[in-house]
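Heads up, the thing below is written out as structure tokens.
Residue numbers (the numbering used here): 45 to 242.
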């Protein structure tokens, strides 16, 4: 009787190997032969699951974004307003090795997305998910229709994306302690904004 292959599980395994490879060695060194070997496949064995390198990369970046969003969902559960924003930031900021690896993958991804519309759409979807979440928490904190809510939301997202890039390109200046201090600076600004209401 032929062995039943779980294709979805195989795809997940390939994607997990791919994102770890990118985090460790960078995207420029990624080739299908080495990736197949790292995933335990013969040369050419990835084709039934991913026909091209681009299809693997698209799935990989989607996987990393989904993993981050799942952590965010768990981290913010039962929180609202400023507490939720702080928990959200803790899941995105590169505060441990897993999150630093995700930051490395994100920086490679942004570079590729500049010239690839499909990858740019994956990034745009993630950013819109984050904006929607922050919009809800900022309404809880500042009330509906606050004139500074949009700038506060976009400033927080840009801070987190910048922190990811900074941790990869200038790790010494962006230690965990430094990133936490930078986050506190952002949160103080939001607290002050909330205190001006009423």
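Beta carbons are placed, not taken as given, at the ideal position from N, Cα and C, and that holds for glycine.
Residue state for residue 100 is assigned as helix, using DSSP reduced to three classes. Straight-line spacing of the CA atoms in residue 102 and residue 108 works out to 10 Å.
Sequence-distant Cβ neighbours of residue 54 in its own chain, meaning closer than 8 Å and more than five residues away, are 93. Non-local beta-carbon contacts of residue 148 in its own chain, meaning distances under 6 Å to residues more than five positions away in sequence, involve 67, 212 in chain order. Excluding its 5 nearest sequence neighbours in each direction, residue 209 has C-beta neighbours in its own chain below 6 Å: 151, listed in chain order.
Inter-residue distance for residue 77 and residue 111 is about 26 Å (C-alpha atoms, whole angstroms).
Annotated three-state conformation of residue 124 is coil, per DSSP. Look at the beta carbons and you see the region 84-99 not touching the region 121-134: under three pairs across the two are nearer than 8 Å. Residue 207 is not a Cβ neighbour of residue 224, given a cutoff of 8 Å. In this structure, residue 163 and residue 171 do not form a Cβ contact; the two beta carbons are roughly 13 Å apart against a cut-off of 8 Å.
Between the alpha carbons of residue 126 and residue 236 lies a distance of about 11 Å.
Three or more pairs of CB atoms, one per stretch, sit closer than 8 Å, so the region 125-139 contacts the region 174-187.
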